[in-house]
Amino acid sequence: MQIHIISVAPDLLDSPFAHSIIKRARGKGLLNIHVHNLRKWAINKHGQVDDYQYGGGAGMVIMCEPLVNAIDELQKEKKFDEIIYMTPDGKTFNQQTANRLSLKENILIICGHYKGIDERIREHYVTMEISIGDYVLSGGELAAAIVVDAIGRLLPGVLNDETSALTDSFQDNLLAPPVYTRPASFKDWQVPDILLQGDPKKVEEWRSEQSIKRTQERRPDLL
Ligand code: ADE
Numbered sequence: 028m029q030i031h032i033i034s035v036a037p038d039l040l041d042s043p044f045a046h047s048i049i050k051r052a053r054g055k056g057l058l059n060i061h062v063h064n065l066r067k068w069a070i071n072k073h074g075q076v077d078d079y080q081y082g083g084g085a086g087m088v089i090m091c092e093p094l095v096n097a098i099d100e101l102q103k104e105k106k107f108d109e110i111i112y113m114t115p116d117g118k119t120f121n122q123q124t125a126n127r128l129s130l131k132e133n134i135l136i137i138c139g140h141y142k143g144i145d146e147r148i149r150e151h152y153v154t155m156e157i158s159i160g161d162y163v164l165s166g167g168e169l170a171a172a173i174v175v176d177a178i179g180r181l182l183p184g185v186l187n188d189e190t191s192a193l194t195d196s197f198q199d200n201l202l203a204p205p206v207y208t209r210p211a212s213f214k215d216w217q218v219p220d221i222l223l224q225g226d227p228k229k230v231e232e233w234r235s236e237q238s239i240k241r242t243q244e245r246r247p248d249l250l
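No gaps in the numbering here: position 70 of the sequence shown is 97 in this note's numbering, and each next residue is one more.
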């Protein structure tokens with residue numbers, strides 16, 4: 028899978044993609060991430076990519092021209108399955124959207140900054156608008172990093188045990204059950220007996236009960 032990201036603050040994305048599972052996905056060639064600095068398509072030698080908003084009001088808006096030039100240039104190389112704009116007024120991101128996006132070949136993500144991007148880009152280029160939650164970040168980069176992380180770990184071959192993504196929270200609209208590791212007794216805190224008895228069927232049943240119980244208690248809206 029190829030993910031291209033257009034940003035005015037590309038450095039913000041260095042670290043999130045250089046560690047752990049996403050680093051492994053990139054290393055194995057399963058995920059190629061290309062971060063593009065929008066200033067490369069600035070409208071003048073001062074690196075301008077934004078301007079005041081029509082109608083007045085505080086905050087700058089990213090202009091059409093640099094974005095159109097950037098997207099058109101990237102689109103010459105490849106056809107994108109989705110052009111995503113990260114914005115707090117987009118559709119709230121969830122596991123289902125991550126699953127769906129993980130099946131795509133080529134994705135372009137546009138990160139907003141300041142007041143956002145000129146609406147005409149949203150009308151004429153963007154195919155999907157994603158919010159990561161009901162709060163406003165200073166830019167779309169951290170939100171894009173979250174989306175890429177959630178997608179990247181789902182790509183076949185990225186996780187060592189491929190089934191482990193299937194048992195994540197939300198995969199069945201249920202939260203994941205509790206997990207334990209050694210020692211079986213720490214202070215006087217015990218690991219539930221059933222996990223120590225070595226009966227996989229019973230463990231499976233227990234996990235399923237715990238998942239339902241946890242979801243009922245914490246996220247009844249999912250049921
Ligand atoms: N940009 C600023 N805030 C955002 C949010 N909550 N989700 C996605 N992109 C954003």
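Glycine included, C-beta positions come from ideal geometry on N, C-alpha and C.
- The three-state secondary structure of GLN243, taken from DSSP, is helix.
- Under the three-state reduction of DSSP, GLU100 is assigned to helix.
- Collapsing the DSSP output to three states places LYS50 in a helix.
- The C-beta distance from CYS138 to ALA97 rounds to 12 Å, too long to fall under 8 Å, and the pair is not in contact.
- For TYR81, the number of other beta carbons within 10 angstroms of its own is below 16, and it is reported as exposed.
- Looking at the backbone, the Cα of PRO204 and that of SER42 are separated by about 30 Å.
- Look at LYS131 here: in three-state DSSP terms it is coil, with no helix or strand label.
- Cβ contact annotation for ILE33 (same chain, cutoff 6 Å, sequence separation greater than five): HIS63, LEU65, ALA97 and ILE137, in chain order.
- Straight-line spacing of the CA atoms in ASP188 and PRO210 works out to 23 Å.
- C-alpha of ARG53 to C-alpha of LEU130: approximately 17 Å in a straight line.
- C-alpha of ASN133 to C-alpha of GLN102: approximately 10 Å in a straight line.
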